Amino acid sequence: MTVDTRIFTADHNGESIRIPVAEIRGQRDGPVLSIIAGIHGAEYCGIEAAIRLSRELDSDRLSGLVRIVPIANIPGFLGRCEVQCPVDGQNLNRLFPGSTEKQYTDHLAHCLYEHFVRNADCVLNIHGGDIFEELVPYTGIGRTTDEDLDERCRSLGRAYGLPFLVETDALPGAVAGGTSLNQAAQADGIVSILAESGGRGLVEEEFVQTHVRGMRNTLKWLEMLEGELELPNEVRETNTEFWRISKEGVCYPEKSIGDQVSEGERIGVVTDWFGKTLETLTAPRDAWIIAVVITPAAREDAIVYQVAY
Ligand SMILES: [Zn+2]
255 MTVDTRIFTA DHNGESIRIP VAEIRGQRDG PVLSIIAGIH GAEYCGIEAA IRLSRELDSD
315 RLSGLVRIVP IANIPGFLGR CEVQCPVDGQ NLNRLFPGST EKQYTDHLAH CLYEHFVRNA
375 DCVLNIHGGD IFEELVPYTG IGRTTDEDLD ERCRSLGRAY GLPFLVETDA LPGAVAGGTS
435 LNQAAQADGI VSILAESGGR GLVEEEFVQT HVRGMRNTLK WLEMLEGELE LPNEVRETNT
495 EFWRISKEGV CYPEKSIGDQ VSEGERIGVV TDWFGKTLET LTAPRDAWII AVVITPAARE
555 DAIVYQVAY
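Per the working numbering, residue 255 is the first one in the sequence shown, and the count goes up by one each step.
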């Protein structure tokens with residue numbers, strides 16, 4: 255068993271960039287798999303699963319090289335930050351493949367991409383539901399113009415083995431401009447998916463195990479480990495979209511993750527600061543609720559649900 259751990263370092267205008275990485279090299283030749291967790295520093299189930307896997311993989315039974323970055327966004331992790339990297343307030347998962355010429359988080363994206371993504375055959379972008387959300391575990395697949403590559407990504411998404419596999423032209427979460435890790439990797443012909451399990455700022459064993467199982471399934475899918483895939487009874491393959499509120503205020507979602515809703519059904523309200531209803535939310539289409547924003551704070555045009563349909 256040989257796990258090589260180190261901290262990659264770089265400097266951005268006097269501010270240090272640190273990327274922890276664990277490498278496990280198998281006894282036999284095989285693919286290079288990079289597992290990148292903690293791009294959002296408060297998505298703890300993904301982070302914990304990556305740490306666990308790095309400690310349990312046995313190089314004697316492994317083919318190829320597994321490279322694990324358990325916490326890509328150390329400033330976000332230490333700062334308990336939702337979505338952003340606190341050094342400059344940017345969302346790391348919109349800045350790939352990154353740049354040394356812009357701000358801190360662009361430089362961090364560049365280091366991650368050049369050292370741990372570009373030279374891989376397969377990349378997992380591991381998320382855990384942010385502090386403000388609760389979600390059904392799902393994998394996200396981006397559709398590109400390369401159908402063969404997309405089919406490989408879809409196949410890996412099924413193998414990761416979460417209850418929903420959602421496809422978008424831009425990956426889930428790509429609501430503002432920018433390029434996610436997966437989109438950048440797929441543009442370079444690398445098989446890549448996003449996987450979500452966890453949320454609410456908690457480390458919950460069930461959701462940690464869900465990710466560990468998915469990571470092991472990925473190793474089996476790549477034939478880097480022997481063994482059968484562990485899959486759920488059903489994987490729903492769907493499209494996805496985000497539902498938003500229009501008014502600033504206090505938001506009360508009335509549906510939970512896993513609920514099925516019908517077009518026109520009431521799904522929540524937004525009130526003013528005194529509890530007076532400003533907006534009644536209704537479902538724009540039939541769908542499953544796969545993520546709910548559980549904090550009542552609601553800016554104008556904020557997301558309240560992610561759905562699968
Ligand atoms: Zn995330």
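Glycine included, C-beta positions come from ideal geometry on N, C-alpha and C.
Keep in mind the model is a prediction, meaning the values are calculated, not measured.
Rounded C-alpha distance that separates residue i from residue j
| i | j | result |
| --- | --- | --- |
| residue 559 | residue 538 | 12 Å |
| residue 509 | residue 495 | 16 Å |
| residue 458 | residue 326 | 20 Å |
| residue 564 | residue 364 | Nothing about residue 564 can be reported from this structure: the residues present for the chain run from 255 to 563 only. |
| residue 479 | residue 372 | 22 Å |
| residue 536 | residue 521 | 5 Å |
| residue 438 | residue 348 | 10 Å |
| residue 352 | residue 265 | 15 Å |
| residue 418 | residue 268 | 43 Å |
| residue 375 | residue 484 | 22 Å |
| residue 534 | residue 497 | 13 Å |
| residue 350 | residue 343 | 16 Å |
| residue 541 | residue 411 | 21 Å |
| residue 427 | residue 297 | For residue 427, the pLDDT reaches just 45, beneath the cut-off of 50, and the residue's location in the model is therefore unreliable, although a value from the coordinates is still provided. Taking the straight line from one Cα to the other gives about 14 Å. |
| residue 316 | residue 413 | 18 Å |
| residue 415 | residue 476 | 14 Å |
| residue 259 | residue 275 | 6 Å |
| residue 339 | residue 409 | 32 Å |
| residue 527 | residue 549 | 15 Å |
| residue 474 | residue 532 | 51 Å |
| residue 256 | residue 368 | 24 Å |
| residue 285 | residue 529 | 56 Å |
| residue 283 | residue 517 | 52 Å |
| residue 357 | residue 312 | 38 Å |
| residue 377 | residue 396 | 13 Å |
| residue 443 | residue 433 | 15 Å |
| residue 346 | residue 470 | 26 Å |
Contact check, residue i vs residue j, beta carbons under 8 Å
| i | j | result |
| --- | --- | --- |
| residue 389 | residue 305 | no |
| residue 359 | residue 447 | no |
| residue 452 | residue 299 | yes |
| residue 290 | residue 435 | yes |
| residue 552 | residue 504 | yes |
| residue 544 | residue 465 | no |
| residue 422 | residue 287 | no |
| residue 295 | residue 331 | yes |
| residue 440 | residue 398 | yes |
| residue 262 | residue 273 | yes |
| residue 323 | residue 366 | yes |
| residue 502 | residue 554 | yes |
| residue 462 | residue 406 | no |
| residue 301 | residue 361 | no |
| residue 524 | residue 499 | yes |
| residue 628 | residue 292 | The structure shown does not extend to residue 628, since the chain is modelled only from 255 through 563, so no value can be given for it. |
Bridge-paired residues (DSSP) for residue i
| i | result |
| --- | --- |
| residue 272 | 263 |
| residue 392 | 418, 450 |
| residue 514 | 542 |
| residue 519 | According to DSSP, residue 519 bridges with nothing at all. |
| residue 378 | 289, 447 |
| residue 560 | 496, 545 |
| residue 258 | 277 |
| residue 534 | 523 |
8 Å contact criterion, which residue i and residue j should meet: CB distance rounded
| i | j | result |
| --- | --- | --- |
| residue 321 | residue 370 | 6 Å |
| residue 336 | residue 386 | 6 Å |
| residue 507 | residue 546 | 5 Å |
| residue 450 | residue 391 | 6 Å |
| residue 490 | residue 562 | 6 Å |
| message | Could you tell me which whole alpha helix (DSSP H) segments of length 4 or greater appear in the segment 300-369? | response | Fully enclosed alpha helix (DSSP H) runs of 4 or longer: 328-332, 358-366.
| field | Quiz: which residues have CB nearer than 6 Å to ligand 2 non-hydrogen atoms | value | Absence of ligand 2 is noted for the structure shown, with ligand 1 being the only ligands found.
| In chain order, each beta strand (DSSP E) run of at least 3 residues that lies wholly inside the segment 397-465 | Whole beta strand (DSSP E) segments, 3+ residues: 418-422, 445-450.
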